[in-house]
Amino acid sequence: MKVMEEIKETQIQNVGKYVNEIFEVVKERNPNEPEFQQAVKEVLDSLVPVLVKNPTYMKQAVLERLVEPERLITFRVPWVDDSGNVKVNRGFRVQFNSAIGPYKGGLRFHPSVNASIVKFLGFEQIFKNALTGQPIGAGKGGSDFDPKGKSDLEIMRFCQSFMTELAKHIGPDIDVPAGDIGVGAREIGYMFGQYKKLRGAYEAGVLTGKGIGYGGSLGRKEATGYGVVYFVEEMLKEKGLSFNESTVVISGSGNVSIYAIEKAMQLGAKVVACSDSSGYIYDPNGINLETVKRLKEVENKRIYEYVKEHPEASFQVGYSGIWTIPCDIALPCATQNELDKESAEHLVSNGVKAVGEGANMPSTQEAIDMFMEHHVLFAPAKAANAGGVAVSALEMAQNSARIAWTQEEVDGKLQEIMNTIYRESMKASEKYNVPGNLVVGANIVGFIKVADAMLSQGVI
5 MKVMEEIKET QIQNVGKYVN EIFEVVKERN PNEPEFQQAV KEVLDSLVPV
55 LVKNPTYMKQ AVLERLVEPE RLITFRVPWV DDSGNVKVNR GFRVQFNSAI
105 GPYKGGLRFH PSVNASIVKF LGFEQIFKNA LTGQPIGAGK GGSDFDPKGK
155 SDLEIMRFCQ SFMTELAKHI GPDIDVPAGD IGVGAREIGY MFGQYKKLRG
205 AYEAGVLTGK GIGYGGSLGR KEATGYGVVY FVEEMLKEKG LSFNESTVVI
255 SGSGNVSIYA IEKAMQLGAK VVACSDSSGY IYDPNGINLE TVKRLKEVEN
305 KRIYEYVKEH PEASFQVGYS GIWTIPCDIA LPCATQNELD KESAEHLVSN
355 GVKAVGEGAN MPSTQEAIDM FMEHHVLFAP AKAANAGGVA VSALEMAQNS
405 ARIAWTQEEV DGKLQEIMNT IYRESMKASE KYNVPGNLVV GANIVGFIKV
455 ADAMLSQGVI
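Going left to right, the sequence shown walks through residues 5 to 464 as my numbering numbers them.
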């Protein structure tokens with residue numbers, strides 16, 4: 005017995021050394037890309053138990069191939085502002101992995117977008133897309149263009165210029181982009197129109213998140229926010245808990261946040277705070293969702309305008325303070341690394357029971373470690389926010405069949421997908437001796453699906 009334990013410990017050490025060597029190569033090849041390195045490190049560390057049981061993945065260099073994108077495209081995006089001035093931005097598209105389907109992932113328009121950001125997002129997308137059970141590979145892209153403060157005509161001209169180059173690299177069976185931060189229905193519409201003009205054909209499946217009138221899916225707008233809540237509710241049930249009568253804090257006030265607020269409220273929760281890049285609001289009586297929707301979706305105003313209509317609420321500058329508000333459930337739905345160790349300490353000391361990631365990689369590793377140490381239920385982004393891309397895949401299916409499902413049909417499929425992701429992730433965590441650790445469980449499930457497909461297709 006002792007000999008067997010020593011052999012197993014030696015295997016774990018050897019695999020750990022192998023994984024660390026791969027990560028060192030990633031750092032060397034991708035210097036000054038902290039977000040990408042962070043995403044890779046988190047996944048590699050969680051795969052050690054899989055590699056111990058399945059050394060074929062090491063022999064066939066699956067990890068070495070997985071951390072290298074199949075293709076990284078960068079391009080110039082020139083456009084003309086309303087004053088007649090020529091502006092130039094950078095465009096990106098990373099086509100990371102196509103083992104289980106065409107590349108699939110959103111486009112982000114934000115000043116922070118660079119190679120590191122799109123690569124971290126694309127890498128995360130590999131596992132997230134695999135978890136949905138849909139036949140979609142992984143990609144991501146965007147530009148350092150900032151749509152804030154731009155007129156509709158300026159945004160249209162930028163989107164048309166962006167798509168003029170991107171169109172060379174995408175297609176319904178090649179790469180299917182969608183929206184992300186800074187890219188909503190308006191931007192998708194402008195890009196789809198330009199793609200249609202360039203192709204001279206109506207290829208509805210080339211973009212998802214389209215308007216309902218030209219190939220979009222009912223339920224897509226709500227999918228990511230609803231999906232997060234469905235996943236967390238399933239996680240809570242395991243411990244006899246629920247959103248019902250729980251106090252909830254949700255960061256952000258974009259598409260994901262708004263519909264996470266909506267679904268949480270439908271399940272009986274009181275959501276007391278949300279935010280944008282200017283700061284956060286706290287309403288002890290519970291957020292008035294209709295006001296938030298109008299301010300953000302119709303009037304494009306900052307969140308501090310909320311307190312003018314609801315004097316019982318307060319506004320604070322900065323985003324991290326939102327996590328000092330006592331709550332039962334926290335849903336970070338704004339952006340990457342918004343929830344750090346200090347924020348996690350505040351949540352833990354205030355008795356938070358569960359954290360569900362609605363944004364991509366919103367919690368730092370130190371914050372995640374804090375939640376794990378204190379036995380806070382934790383739903384990682386790869387699993388919890390997969391609802392958006394899942395319904396994007398359903399939109400692709402509807403486009404291919406030239407049919408349209410009802411809102412109820414789409415929502416029912418979304419709930420089943422999120423519940424399946426939870427069950428499979430939990431099962432994997434138990435199989436690999438980390439019971440209840442959904443971070444490891446989700447990574448393992450996604451990895452095995454993609455890795456097995458890669459092995460079946462040879463060294464490509």
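Glycine residues also receive a C-beta, built at the ideal position from the N, C-alpha and C atoms.
All figures in this text were calculated on a predicted structure; none of them were measured in a lab.
| Check | Outcome |
| --- | --- |
| Out of curiosity, what's the CA-to-CA distance linking ASP86 and GLY244? | 57 Å |
| Which residue marks the beginning of the beta strand (DSSP E) containing ILE285, and which one marks its end? | 283 to 286 |
| Anyone know if the C-beta pair for VAL276 and VAL252 falls short of 9 Å? | yes |
| For the region 357 to 393, list the alpha helix (DSSP H) runs that are entirely contained and at least 4 residues long, ordered along the chain. | 369 to 377 and 385 to 388 |
| For the alpha helix (DSSP H) containing LYS468, name the first residue and the last one. | Given a span of 5 to 464 for the chain in the structure shown, any question on residue 468 remains unanswerable. |
| List, from N- to C-terminal side, the alpha helix (DSSP H) runs of 4 residues or more that fit wholly inside the region 148 to 190. | 156 to 170 |
| Taking DSSP as the reference, what is the three-state secondary structure of ALA264? | helix |
| Expressed to the nearest angstrom, what Euclidean distance is found between the alpha-carbon atoms of GLU39 and PRO115? | 15 Å |
| Is GLY183 buried or exposed, if buried means 16 or more other CB atoms sit within 10 Å of its CB? | buried |
| Rounded to whole angstroms, what's the CA-CA distance from GLY213 to VAL395? Just pull it up for me. | 9 Å |
| Skipping 5 residues on each side, what residues in its chain have a beta carbon closer than 8 Å to that of ASP179? | ARG97, GLN99, PRO106, TYR107, LYS108, GLY143 and HIS173 |
| With three or more beta-carbon pairs closer than 8 Å as the criterion, would you say the region 153 to 162 touches the region 121 to 135? | no |
| VAL7 by DSSP, collapsed to three states: which one? | Only weak support exists for where VAL7 lies, its pLDDT of 44 falling under 50; the coordinates are left without a value. |
| Identify every residue that forms a DSSP beta bridge with ASN101. | ALA142 |
| Less than 8 Å between the CB of GLU249 and some heavy atom of the ligand SAM, yes or no? | Of ligands this structure carries none, so the ligand SAM is not represented either. |
| Which residue spans inside the region 301 to 341 form an unbroken alpha helix (DSSP H) run of at least 4? | 310 to 313 |
| With a threshold of 7 Å on Cβ separation, who are the neighbours of VAL311 within its own chain once the five nearest residues in sequence on each side are excluded? | ILE285, ALA317, SER318 and PHE319 |
| Could you please give the first and the last residue of the uninterrupted alpha helix (DSSP H) stretch that includes GLY229? | 224 to 241 |
| Given a threshold of 16 other Cβ atoms within 10 Å of its Cβ, counted over all protein chains shown, does VAL122 qualify as buried or as exposed? | buried |
| Using the C-alpha atoms, what's the distance from MET430 back to MET167? | 40 Å |
| Helix, strand or coil for VAL117 per DSSP? | coil |
| Identify the residues that DSSP records as bridge partners of VAL253: which are they? | ALA277 and ALA334 |
| Measuring CA to CA, which of TYR206, GLU37, VAL44 and GLY141 is closest to ASN101? | GLY141 |
| THR78 lies in the beta strand (DSSP E); which residues open and close that run? | 75 to 84 |
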